[in-house]
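Just so we're aligned, residue 1 is where the sequence shown starts under the UniProt record's numbering, counting upward by one.
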Amino acid sequence: MTRDVMILVLGATGSTGRRVAEQLRAAGHAVRGASRSGQATFDWSEPGTWEPALSGASALYLMAPDGVPVDPAFVSLAVERGVERIVLLSSGAIEAMGDERLLAAERTVRDSGAEWTILRPSWFNQNFDEGFFRPAIMAGEVLIPLGDVRQAFVDADDIAAVAAAALTRKGHAGRAYDLTGPASLAFGEAVEIIGRAIGREVRYLGGDEDYIAANGFSGESIHAAKAFGALRALGDQPVADTVSEVTGRPPKSFETFAAEAAAKGAWH
């Protein structure tokens, strides 16, 4: 797409949306960053914000916060108003995890009539310094029931780079991309890397019993433990070459991420 095409980026204050918008702007593309508190107001629960955000946009970076479904009515409206290309942030292993929210979002995008690309990233590196693991790192103990299963953590900068390419270049339509970092690590190894970067011990507890005991025997915690069990049953996550194939450069390693985040004071 040409640089004068308007690209609407949802979640523009979040981990990936912020980076997608920054990378597109740095490349000279016209970007409208939309969120509840962004350049343009957008709220999934307020349909009145949808059309102003879409005005003049020909491409769309589509995502919704955890627990919020992608409304098919918005996607239909986007296509009606001239959006020709959609890049959806989904997630890896959603079939095994039974994530109907994201499975439905993928179906909506595939059926939209626009060119589409689906991004299925592994666990974000930024879960540890910007997301839900940060308080646990600060407290010195990370508890997630995945045992020693290895995950190929991916950096949000790399997710954004692939998204920016799919939004602006040819050759990505009709593709679902698995996005990973350059190596698979057990959560215990990842936590140990962060501990070395910040100079203090961070423990990892990876058993179901630890997770349920810490979160209580509620239906929600038991359901979450079962979902993690399904992910654990898949075994070690293989590394994908997508980031390097799409961007022309290797993905960021977890060690580099941890060193950079520690240098910025992420865990102080």
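Ideal placement from N, C-alpha and C gives every residue a C-beta, glycine not left out.
Query: Presumed contact (8 Å Cβ cut-off) between Ala64 and Pro52, rounded CB distance; Result: Incorrect: roughly 18 Å between the Cβ atoms, too far for contact.
Query: Delimiting residues of the beta strand (DSSP E) encompassing Ala7; Result: The sequence as given places Ile at residue 7; Ala does not occur at that position. Here the beta strand (DSSP E) through Ile7 covers 6 to 10.
Query: For residue 272, the three-state DSSP class (helix, strand or coil); Result: With the chain running from 1 to 268 in the structure shown, residue 272 is simply not present.
Query: Supposed contact pair Ser76 and Met6 - C-beta distance, whole angstroms, cut 8 Å; Result: No, Met6 and Ser76 are not in contact; Cβ-Cβ is about 19 Å, not under 8 Å.
Query: Heavy atom of the ligand MN within 7 Å of Glu95 beta-carbon; Result: In the structure shown, the ligand MN is absent, as is every other ligand, since no ligand is present at all.
Query: Contained beta strand (DSSP E) runs [length at least 3] in the UniProt domain "NAD(P)-binding" (11 to 169), N- to C-terminal order; Result: 30 to 35, 57 to 62, 85 to 89, 115 to 121, 141 to 143
Query: For Gly147 and Arg232, believed in contact at Cβ under 8 Å, the rounded distance; Result: 6 Å
Query: Cross-strand partners of Asp178 (DSSP beta bridge); Result: Arg120
Query: Selected residue, minimal CA-CA separation from Trp44, among His268, Asp66, Ala114, Ser184; Result: Asp66
Query: Residue burial classification, Ser15 (beta-carbon count within 10 angstroms, cutoff 16); Result: buried
Query: Extent of the continuous beta strand (DSSP E) run through Arg200; Result: Taken as a continuous stretch (DSSP letters only), Arg200 belongs to no beta strand (DSSP E), as it is neither H nor E.
Query: For Leu231, three-class secondary structure by DSSP; Result: helix
Query: Cutoff 7 Å; reference Ala21; Cβ partners in own chain excluding five residues on either side; Result: Val9, Ala12, Val31, Gly33
Query: Ala186 in three-state terms, based on DSSP; Result: strand
Query: Proximal residues to Gln126 (C-beta, below 7 Å), its chain only, five neighbours per side dropped; Result: Ser15, Ala156
Query: Presumed contact (8 Å Cβ cut-off) between Asp236 and Arg150, rounded CB distance; Result: 4 Å
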